[in-house]
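Notes follow once the structure below has been shown.
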Amino acid sequence: MRITMIGTGYVGLVSGACFSDFGHDVTCVDKDAGKITALENGKMPIFEPGLADLVERNVAGGRLRFTTDLAAGVAGAEAIFIAVGTPSRRGDGHADLSHVFAATREIAAALTGPAAVITKSTVPVGTGDEVERIIREAAPAAKAWVVSNPEFLREGAAIEDFKRPDRIVLGTEDPDAAEIMREIYRPLYLNRAPLLFTSRRSAELIKYAANAFLATKITFINEIADLCEAVGSDVQDVARGIGLDQRIGPKFLHAGPGYGGSCFPKDTLALLKTAEDAGSPLRIVEAVAKVNDARKRAMGRKVIQAAGGDVRGKKIALLGLTFKPNTDDMRDAPSLSIVQALQDAGAIVHAYDPEGVEQARPMLRDVVFAEDPYAASDGAHAVVLVTEWDVLRALDLKRIASHMADPLFVDLRNVYPPEDVAEAGLHWVGIGRTNRLART
Ligand SMILES: NC(=O)c1ccc[n+]([C@@H]2O[C@H](COP(=O)([O-])OP(=O)(O)OC[C@H]3O[C@@H](n4cnc5c(N)ncnc54)[C@H](O)[C@@H]3O)[C@@H](O)[C@H]2O)c1
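Numbers in the working numbering are just positions in the sequence shown, counted from 1, shifted up by 28.
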């Protein structure tokens, strides 16, 4: 199958590379010439484990290529995926669909034969109808099926997620379009990944409902963590105790500094706007978005409080900046709010991140970036573990304690047992867990 991917970001590049690995013939298009040049030179524009090898193998096999020329990419394609960004629209939180519609217009002008036009971008209910309208208007003679195929991959585990998905959601009620989609995903179907065919509008909503549900689960355990601190319980035990219930499940029950990233914050907001416009408000999701927003900055206050209430002129070291490990994505990362809160209180922030510094640098003013966690923590009045990268899971805590100005270790991911932190000579503060050592 000849496939064209419009947008070669986190989703487009991973999806395109994986489709080519299944044996399809894939052209990835992006209007960002820098990205395409980098890819043509074998350089990955994003950090995603395993991606460089996957791309190299399929380019070498002649199944994967890159271009900025959308018309050339679309000519002759049987399936054209739209995987461009849908960020929050500035000012009102609706999904900004300008990239989707611009790409649609360009596709319509370039269509040469019958093709499925598939939205993989996360788009509000009804966007497929508008994509279809634009194509009909711009290219009335073209045979095009507009399908919704939302993507559920997680950055950091994107290839594995794409190749072994829990489900593939396909929004189309047209038998010809369904046949094309079956053919595209046939290699996965043999792996027994369920193909779920729904109406286009249901498929569009499934993506938002899934993200809102996961954001709710995270926010729920975060609020329970606060309650644990207030009443002397341990959120690790509570999460395990409820997660073993199969109706609840253990995933997404890790208390932390709040969800971030390129999806949950903007998708919950966009869903709220859809619900508001439809006159069917989602009050639970409204609360989730509000609680999560407040939480990120509250984490800064937590650090300040642990440091005795005053951090003016003090060095605070943040370990891990990206919104989660194994990605360089800094979009809406909790670290951004934490840094702001600390700087507002007069702290001098130093930071270390294994992959995120290039993206973090323009977003974080006056932060000193360190080469490793030990350089970051040297002379610090507090070390704050923000993102649980593997390289930050086995720190030499004694070494850190030996060169800090004040031995305060704030673990916002509950990675380290309090006993180990105390044994290293550090004062421990975690999330949703009272300091048992301090109590005895
Ligand atoms: N990142 C994730 O983990 C994830 C997961 C599931 C779904 N999604 C959704 O997938 C979509 C893409 O997300 P992303 O993180 O890959 O975004 P991204 O910003 O990393 O990539 C989007 C790319 O599209 C390109 N682009 C924009 N307009 C274009 C046009 N007209 N022609 C060609 N290229 C164009 C941009 O230059 C950019 O490289 C979003 O709707 C997002 O919500 C993302």
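Glycine included, each C-beta is placed from N, C-alpha and C at the ideal position.
Quiz item: Cβ of residue 181 within 7 Å of any heavy atom in ligand 1?
Solution: The residue you call residue 181 lines up with position 153 of the sequence shown. With a threshold of 7 Å, the Cβ atom of residue 181 counts as near ligand 1, since some heavy atom of the ligand is closer than that.
Self-check item: Cβ-based burial, residue 356 [other Cβ within 10 Å; buried from 16]
Solution: Working through the sequence shown from its first residue, we reach residue 356 at position 328. Buried, since its Cβ has 16 or more Cβ neighbours within 10 Å.
Quiz item: So what's residue 365 in DSSP terms, helix, strand or just coil?
Solution: Within the sequence shown, the letter at position 337 stands for residue 365. Helix at residue 365.
Exercise. Tell me whether the beta-carbon of residue 327 lies closer than 8 Å to the beta-carbon of residue 364.
Key: Locating residue 327 in the sequence shown gives position 299, counting from the first residue. Locating residue 364 in the sequence shown gives position 336, counting from the first residue. Taking a C-beta distance under 8 Å as the contact criterion, residue 327 and residue 364 do not qualify as a contact pair.
Quiz item: Can you tell me whether residue 295 is buried or exposed, with buried defined as 16 or more other CB within 10 angstroms of its CB?
Solution: The residue you call residue 295 lines up with position 267 of the sequence shown. Buried is the call here.
Exercise. Flag this pair as yes or no: are the beta carbons of residue 420 and residue 336 separated by less than 8 Å?
Key: As a first step, residue 420 is located in the sequence shown; it is residue number 392 there, counting from the start. As a first step, residue 336 is located in the sequence shown; it is residue number 308 there, counting from the start. Not in contact: residue 420 and residue 336 (Cβ atoms no closer than 8 Å).
Exercise. Measure the Cβ-Cβ separation of residue 196 and residue 233 and say whether it is below 8 Å.
Key: Residue numbering aside, residue 196 sits at position 168 when the sequence shown is read from its first letter. Residue numbering aside, residue 233 sits at position 205 when the sequence shown is read from its first letter. Contact flag unset, no.
Exercise. Could you say which of 182, 79, 130 and 333 lies nearest to residue 458 if we only look at CA atoms?
Key: Taking the sequence shown and counting its residues from 1, the one referred to as residue 458 is at position 430. The alpha carbon of residue 458 has as its nearest neighbour, out of 182, 79, 130 and 333, the alpha carbon of 333.
Quiz prompt | Burial state of residue 447 (16 or more Cβ within 10 Å) | solution = Residue numbering aside, residue 447 sits at position 419 when the sequence shown is read from its first letter. In summary, residue 447 is exposed, with fewer than 16 beta-carbon neighbours lying within 10 Å of its beta-carbon over all protein chains present.
Quiz item: Who does residue 176 pair with in a DSSP beta bridge?
Solution: Reading the sequence shown from its first residue, position 148 is the one you call residue 176. Residue 176 pairs with 147 and 199.
Quiz item: Taking the alpha-carbon positions, what's the residue 50 to residue 215 distance?
Solution: As a working note, residue 50 is residue 22 in the sequence shown. As a working note, residue 215 is residue 187 in the sequence shown. A straight-line Cα-Cα distance of about 6 Å links residue 50 and residue 215.
Quiz item: Under three-state DSSP, which class holds residue 287?
Solution: The residue you call residue 287 lines up with position 259 of the sequence shown. Under the three-state reduction of DSSP output, residue 287 falls in the coil class, being neither helix nor strand.
Quiz item: What separation, rounded to the nearest whole angstrom, lies between the Cα atoms of residue 284 and residue 250?
Solution: Your numbering for residue 284 matches position 256 in the sequence shown. Your numbering for residue 250 matches position 222 in the sequence shown. Taking the straight line from one Cα to the other gives about 6 Å.
Self-check item: Residue range of the beta strand (DSSP E) that includes residue 280
Solution: The sequence position of residue 280 within the sequence shown is 252, counting from 1. Unbroken run through residue 280: none, as it is neither H nor E.
Practice problem: Return helix, strand or coil for residue 357, following the three-state DSSP convention. | Solution: For the purposes of this step, residue 357 is taken as the residue at position 329 of the sequence shown. In the structure shown, residue 357 falls within a coil segment according to DSSP collapsed to helix, strand and coil.
Quiz item: If you compare alpha carbons, which of 121, 231 and 154 is closest to residue 180?
Solution: Counting from 1 along the sequence shown, the entry for residue 180 is found at position 152. If we check each option's Cα against that of residue 180, 231 comes out closest.
Quiz prompt | Beta-carbon proximity list for residue 399, same chain, < 8 Å, skipping 5 on both sides | solution = Taking the first residue of the sequence shown as 1, we reach residue 399 at position 371. Cβ within range, chain order: 380.
Quiz prompt | Straight-line gap, residue 45 to residue 242 (C-alpha atoms, nearest Å) | solution = Residue mapping note: residue 45 aligns to position 17 of the sequence shown, counting from 1. Residue mapping note: residue 242 aligns to position 214 of the sequence shown, counting from 1. Looking at the two C-alpha atoms, the distance is approximately 27 Å.
Quiz prompt | residue 343 versus 90, 434 and 220, residue with shortest Cα-Cα distance | solution = As a working mapping, residue 343 is identified with position 315 in the sequence shown. The shortest C-alpha to C-alpha distance from residue 343 to any of 90, 434 and 220 is the one to 434.
Self-check item: Local conformation of residue 213 per DSSP, three classes
Solution: Within the sequence shown, residue 213 is the residue found at index 185, counting from 1. Note: residue 213 maps to helix in three-state DSSP.
Exercise. Would you identify the three-state DSSP class for residue 510, choosing helix, strand or coil?
Key: The question about residue 510 has no answer here: the residues shown for the chain are numbered 29 through 468.
Quiz prompt | Inter-residue Cα distance where the pair is residue 77 and residue 117 | solution = For the purposes of this step, residue 77 is taken as the residue at position 49 of the sequence shown. For the purposes of this step, residue 117 is taken as the residue at position 89 of the sequence shown. Near 30 Å, if we compare the C-alpha coordinates of residue 117 and residue 77.
Quiz prompt | Contact with chain B by residue 170, beta-carbon distance below 8 Å | solution = In summary, chain B is missing from the structure at hand, where a single protein chain is found.
Quiz prompt | 3-residue-minimum beta strand (DSSP E) runs that sit fully inside the segment 432-467, ordered along the chain | solution = Whole beta strand (DSSP E) segments, 3+ residues: 436-439 and 455-457.
Quiz item: Quick one: any contact between the segment 137-156 and the segment 68-85, if contact means 3 or more CB pairs under 8 Å?
Solution: Counting Cβ pairs under 8 Å, fewer than three are found: no touch.
Practice problem: Look up residue 182 in the DSSP assignment and say whether it is helix, strand or coil. | Solution: Working through the sequence shown from its first residue, we reach residue 182 at position 154. Residue 182: coil per DSSP, three-state reduction.
Quiz item: Tell me the DSSP bridge mates of residue 340?
Solution: Within the sequence shown, the letter at position 312 stands for residue 340. Note: residue 340 sits in no beta bridge, so no partner.
Self-check item: Check: residue 176 C-beta below 7 Å from any heavy atom of ligand 1
Solution: Taking the first residue of the sequence shown as 1, we reach residue 176 at position 148. For ligand 1, not one heavy atom lies less than 7 Å from the Cβ of residue 176.
Self-check item: Within 8 Å, strictly: CB atoms of residue 402 and residue 427
Solution: In the sequence shown, counting from the first residue as 1, residue 402 sits at position 374. In the sequence shown, counting from the first residue as 1, residue 427 sits at position 399. Against a cut-off of 8 Å, the Cβ pair of residue 427 and residue 402 comes out as a contact.
Quiz item: With DSSP run on the structure shown, which of helix, strand or coil describes residue 116?
Solution: Start at 1 with the first residue of the sequence shown, and residue 116 comes out as number 88. The answer is strand: DSSP assigns residue 116 an E or B state.
Exercise. To the nearest angstrom, report how far apart residue 87 and residue 99 are at their CA atoms.
Key: In the sequence shown, residue 87 corresponds to position 59, counting from 1. In the sequence shown, residue 99 corresponds to position 71, counting from 1. Looking at the two C-alpha atoms, the distance is approximately 21 Å.
Exercise. Output the distance between the C-alpha atoms of residue 340 and residue 270, rounded to the nearest integer angstrom.
Key: Locating residue 340 in the sequence shown gives position 312, where the first residue counts as 1. Locating residue 270 in the sequence shown gives position 242, where the first residue counts as 1. Taking the straight line joining both Cα atoms gives about 41 Å.
Practice problem: Pick out whichever of 55, 123 and 186 has its Cα sitting closest to the Cα of residue 29. | Solution: Translated into the one-based positions of the sequence shown, residue 29 becomes position 1. Ranked by how close their Cα comes to the Cα of residue 29, the residues 55, 123 and 186 have 55 in first place.
Quiz item: Where DSSP assigns a beta bridge to residue 56, which residues make up the other side?
Solution: Along the sequence shown, read from residue 1 onward, the residue named residue 56 stands at position 28. In the DSSP output, where bridge partners are listed per residue, residue 56 has 33 and 94.
Quiz item: Sorry if obvious, but does the Cβ on residue 352 come closer than 7 Å to a heavy atom of ligand 1?
Solution: Against the sequence shown, residue 352 aligns to sequence position 324. Outside the cutoff, so no.
Exercise. From the DSSP output, in three-state form, read off residue 377 for me.
Key: Here the question's residue 377 lines up with position 349 in the sequence shown. Secondary structure at residue 377: strand, using DSSP grouped into helix, strand and coil.
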